[in-house]
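Report on one structure; see the data block that follows.
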Amino acid sequence: MNDVEYDELTDQVLLAVEDAIEALDLDLDYESNGGLLSISFPGGSKVIINKQPPLHQLWVATKFNGHHFEFKDGVWIDNRTGAEFWALISDAFSKQSGQDVVLTDNS
1456 MNDVEYDELT DQVLLAVEDA IEALDLDLDY ESNGGLLSIS FPGGSKVIIN
1506 KQPPLHQLWV ATKFNGHHFE FKDGVWIDNR TGAEFWALIS DAFSKQSGQD
1556 VVLTDNS
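Under my numbering, the first residue of the sequence shown carries the number 1456, and numbering increases by one thereafter.
Now the structure itself:
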């Protein structure tokens, strides 16, 4: 993957996460700025998703730990746990909101 492809893929993911948040019936605030998406939950915890261009990775920091995703076979996979991006952030959102949350890429 070249740098242009990486930027397009990660921009699509960040926009898809924003769209998925908008579709939720949760009181979440989010802010997007220069390849970084910060989602604030009631109670003060956050999930932060940010681009790592030199590594062609997408990083996710949750209340519980951090994850580094690489694009493999058409999906973003955590290089430590093997978790798929949407499954992992759905789980993180569920834990941090105290409600069952399923996020999907509807782009």
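All C-beta atoms in this analysis are idealised placements derived from N, C-alpha and C, irrespective of residue type, glycine included. Quick caveat, the model's predicted, so the values are computed rather than measured.
Return the residue from the list the options that minimises the CA-CA distance to residue i.
i, options, result
"I1532", "E1473, E1463, F1548, W1514", "W1514"
"S1500", "Q1467, D1560, F1548, E1463", "F1548"
"I1494", "P1508, D1462, A1475", "A1475"
"G1529", "L1464, D1458, V1459", "L1464"
"D1462", "S1545, V1557, F1540, P1509", "P1509"
Below 7 Å between beta carbons: does that hold for residue i and residue j?
i, j, result
"S1552", "L1491", "no"
"H1522", "M1456", "no"
"D1412", "A1478", "The structure shown does not extend to residue 1412, since the chain is modelled only from 1456 to 1562, so the question has no answer here."
Within the 7 Å Cβ cut-off, does residue i reach chain B?
i, result
"H1522", "Going by chain labels, chain B is absent from the structure shown, which holds only one protein chain."
Give every residue of the same chain whose Cβ lies closer than 8 Å to the Cβ of residue i, excluding the five residues on either side of it in the sequence, and list them in chain order.
i, result
"L1469", "S1487, G1490, L1492, I1504, K1506"
"T1536", "H1522, L1543"
Tell me which residues share the same chain as residue i and place their Cβ nearer than 6 Å to its Cβ, disregarding the 5 neighbours each side in the sequence.
i, result
"N1534", "H1523, E1525"
"V1502", "I1494, T1517, A1547"
"V1557", "S1545"
Starting from the C-beta of residue i, find all residues in its chain whose C-beta is less than 7 Å away, skip the five residues before and the five after it, and write them out in chain order.
i, result
"D1555", "S1549"
Q | Contiguous beta strand (DSSP E) assignments of at least 3 residues, all confined to the stretch 1515-1560 | A | The stretch 1515-1560 contains these whole beta strand (DSSP E) runs: 1521-1527, 1530-1533.
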